[in-house]
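For the sequence shown, the working numbering begins at -7 and goes up steadily by one.
Think of the CB as a built atom: it goes at the ideal place given N, C-alpha and C, for glycine as much as any other residue.
In this text, all values refer to a predicted model and were calculated from it rather than measured experimentally.
The block underneath contains the structure these notes are about, expressed in structure tokens.
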Amino acid sequence: MKKLSTAAIIVIFSLTLGVLGWHIFGGAGTASPAWYGQIRTQPTTQSGVLREVAAISLGKVEVYNYQRMGFTRGFLQFSPDGQNLAVGTENGEVLLLGINGQVLWQNKLGLGKLTALQFTADSRFILIGESSPEGYLVCLDRRDGRELWRQSSSSELGVNIKDKTFPGIVAVRTDAAGHIYAVGQRYIRYPDGRYDYRGRIYKFDLSGQRLGVFPSDHNLDAWVSWISVDAKGEKLVFGTANWDMGGVSRYADSMYCVDGQLQNILWSKLLLPVPPFQNTTLRSGPEISPDGQYVTGIFSDGRGFLYNGQGQELWLRTLSSPQKIANIELNAVGTYGQMAGEYTVFSVSNTYNRANWQLPTPVEHPSSNSIFVFDRQGQLMNRYKLGGMIEEMAAQERTLAVAVGRNVRTKNPAVHGLAVLSLPDAQLLDYAVTSGPCVGTAITSNGTYAAGVEAPIQLDSGEVIGEYKLRLYQIIRP
């Protein structure tokens, strides 16, 4: 009888979510509640849009399983001129490839762990962030991988070798004039559960000279792991997170915009938490448009947004809301928000049990592992549901590349791969299946090449599938 009651609850819950989906998206134009009951399985063969150019081993890495929250990473970016692909690995190595897949050079940077990778706007230099006792930002010459300069963040952020709390440059961006913006971060978790956050945002010129720092005389006391800057270097935006519920934060707002000189806060916004959450977090965002006119992102609680450059809200959409079934609170976390021409693309991740992400859930959240595309007016253009975690996505105006990784609920390895969708209609163009999870992706600015990084994974049976490998594809659209 108890099993029947639980089954009935699940059926009612699914129907309720269908109605909820219609309520959330029905007024936005083109959404349909049918998506919520639809189960997609990824194709096992390619359509021919993706043609593999190269598959290159990136060496041996530690193999993780479904029980680990963090996972293997791979850093990828095509040069703005579309001629090269830079790759940063878990082993602290940077590779540069030609568009034909040939490895042009490799550079082993040292003992630090890579945390960021970015080309300069003119494609001449590659900027690397690392976590280490010094927390360096490193500049490499694209031509030969030679190190030109490095700057430390440890003097502002501090370091504790004994406790292994190291500073790190976790995000790097550049503007059209060649200025470099980097965010340094260090956090400490104490035995009593308290958190201590220390962050700074730096500005450098191409020679490595520091031009500015924000804040100028103290650290950010919130988790800041993402920055975005407009092409003119006039506005820089960042989001915050803070899990220290007992303290009072100086930087308590959810999102900030500062001037390009890193001297003044132009505006900030505080969004109140959505119950049952106790705080509002913005980790992989926000993003500002190249012209500085729009700011987008998605909060971890599933609220996607678009603001104008002056900090005025244009619209807010709930893409994933916490739900309760059989006395279990489950949610699907909002992860990325990116601009793609006149459209905004959002991603939502795996289904999690709020009490403990490793605990099971009776069903998958209907918004989990999904891509949502909206126009500037907040109209939903389409949604596409993938089978696994959207580890990363890379957009250009007509095409979206999506790295599809683990599904911690179904544990189905068949969903792993690199998906390529058309924009703005979010239709699947092709799906390159990988054995292990796809953990990183990049796409050229003209949408003709995409790349992904595959990682190995240990299944619950103990079997290890996949390998740490770069895969480069040409996109041949009909």
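Pairwise C-alpha distance: residue j and residue i
{"i": "A406", "j": "V425", "result": "8 Å"}
{"i": "G444", "j": "Y423", "result": "12 Å"}
{"i": "G379", "j": "N256", "result": "43 Å"}
{"i": "T232", "j": "V151", "result": "22 Å"}
{"i": "E389", "j": "V337", "result": "11 Å"}
{"i": "G66", "j": "L464", "result": "13 Å"}
{"i": "A23", "j": "A442", "result": "For A23, the predicted structure reports a pLDDT of 32, less than 50, and the residue's modelled location is therefore unreliable. A value from the coordinates is still provided. Going from the Cα of A23 to the Cα of A442 covers about 28 Å."}
{"i": "N399", "j": "S341", "result": "9 Å"}
{"i": "A20", "j": "G454", "result": "Model confidence at A20 stands at a pLDDT of 38, short of 50, so the residue's coordinates are unreliable; what they give is reported in the following sentence. If I take the Cα positions, the gap works out to 45 Å."}
{"i": "I275", "j": "R346", "result": "Correcting the residue type first, residue 275 is Arg in the shown sequence and not Ile. So the two alpha carbons sit approximately 18 Å from each other."}
{"i": "L228", "j": "I280", "result": "8 Å"}
{"i": "G93", "j": "Q270", "result": "47 Å"}
{"i": "A332", "j": "A387", "result": "6 Å"}
{"i": "F366", "j": "P416", "result": "8 Å"}
{"i": "D209", "j": "Q143", "result": "18 Å"}
{"i": "D452", "j": "G428", "result": "14 Å"}
{"i": "Q466", "j": "G397", "result": "21 Å"}
{"i": "V79", "j": "L68", "result": "5 Å"}
{"i": "T81", "j": "L264", "result": "38 Å"}
{"i": "R138", "j": "L89", "result": "15 Å"}
{"i": "P282", "j": "Y56", "result": "37 Å"}
{"i": "Y328", "j": "I363", "result": "9 Å"}
{"i": "G284", "j": "A411", "result": "29 Å"}
{"i": "P72", "j": "S115", "result": "6 Å"}
{"i": "G439", "j": "E126", "result": "37 Å"}
{"i": "I457", "j": "P448", "result": "6 Å"}
{"i": "K461", "j": "E446", "result": "5 Å"}
N-terminal and C-terminal residue of the alpha helix (DSSP H) that residue i is part of
{"i": "L149", "result": "S146 to L149"}
Residue i - containing beta strand (DSSP E), residue span
{"i": "A434", "result": "C430 to I435"}
{"i": "D251", "result": "M247 to D251"}
{"i": "G204", "result": "R202 to F206"}
{"i": "Y441", "result": "Y441 to E446"}
{"i": "Q330", "result": "I320 to A332"}
{"i": "G74", "result": "Here G74 belongs to no beta strand (DSSP E), and DSSP marks it neither H nor E."}
{"i": "E384", "result": "I382 to A387"}
{"i": "S288", "result": "In the sequence as presented, Ser is not what sits at residue 288; that position holds Thr. Taken as a continuous stretch (DSSP letters only), the beta strand (DSSP E) holding T288 covers Y286 to I290."}
{"i": "W307", "result": "E305 to T310"}
{"i": "R142", "result": "E139 to Q143"}
{"i": "V95", "result": "V95 to K100"}
{"i": "F297", "result": "R295 to N300"}
{"i": "C469", "result": "In the sequence under discussion, the amino acid at residue 469 is Arg, which differs from the Cys named in the question. Element bounds for R469: n/a, residue is neither H nor E."}
{"i": "T391", "result": "T391 to V396"}
{"i": "L258", "result": "I257 to K261"}
Cβ-Cβ separation, residue j to residue i (assumed contact under 8 Å), whole Å
{"i": "Y173", "j": "R181", "result": "That pair is no contact at about 27 Å."}
{"i": "T107", "j": "G62", "result": "Going by Cβ atoms, the distance from T107 to G62 rounds to 12 Å, so no, they are not a contact pair."}
{"i": "T64", "j": "Q110", "result": "At roughly 20 Å, the Cβ-Cβ gap does not stay under 8 Å, so T64 and Q110 are not in contact."}
{"i": "A163", "j": "Y189", "result": "Between Y189 and A163 the Cβ distance is about 15 Å, and since that is not below 8 Å, they are no contact."}
{"i": "K100", "j": "E85", "result": "5 Å"}
{"i": "M381", "j": "N361", "result": "6 Å"}
{"i": "I118", "j": "R134", "result": "6 Å"}
Three-state secondary structure (DSSP) of residue i
{"i": "V221", "result": "strand"}
{"i": "V425", "result": "strand"}
{"i": "V337", "result": "strand"}
{"i": "A406", "result": "helix"}
{"i": "L87", "result": "strand"}
{"i": "E122", "result": "strand"}
{"i": "T107", "result": "strand"}
{"i": "T157", "result": "strand"}
{"i": "L413", "result": "strand"}
{"i": "M373", "result": "strand"}
{"i": "N152", "result": "strand"}
{"i": "L12", "result": "With a pLDDT of 42 at L12, under the threshold of 50, the predicted position of this residue should be treated as unreliable, though the coordinate-derived value follows. If DSSP states are grouped into helix, strand and coil, L12 belongs with the helices."}
{"i": "Y56", "result": "strand"}
{"i": "L254", "result": "coil"}
{"i": "A0", "result": "Because A0 sits at a pLDDT of 47, beneath the cut-off of 50, its placement in the model cannot be relied upon, and the point is left open."}
{"i": "Q315", "result": "strand"}
{"i": "Q419", "result": "strand"}
{"i": "S49", "result": "strand"}
Counterpart residues of residue i in DSSP-defined beta bridges
{"i": "G191", "result": "Q177 and L212"}
{"i": "D367", "result": "Y335"}
{"i": "R165", "result": "Y173"}
{"i": "F269", "result": "DSSP output for F269 lists no bridge partner at all."}
{"i": "A233", "result": "W215"}
{"i": "Y344", "result": "N323"}
{"i": "E279", "result": "T288"}
{"i": "F117", "result": "D133"}
{"i": "T353", "result": "In the DSSP output, where bridge partners are listed per residue, T353 has none listed."}
{"i": "R43", "result": "Q466"}
{"i": "G80", "result": "F67 and V86"}
{"i": "V456", "result": "Q450"}
{"i": "L228", "result": "V221 and V250"}
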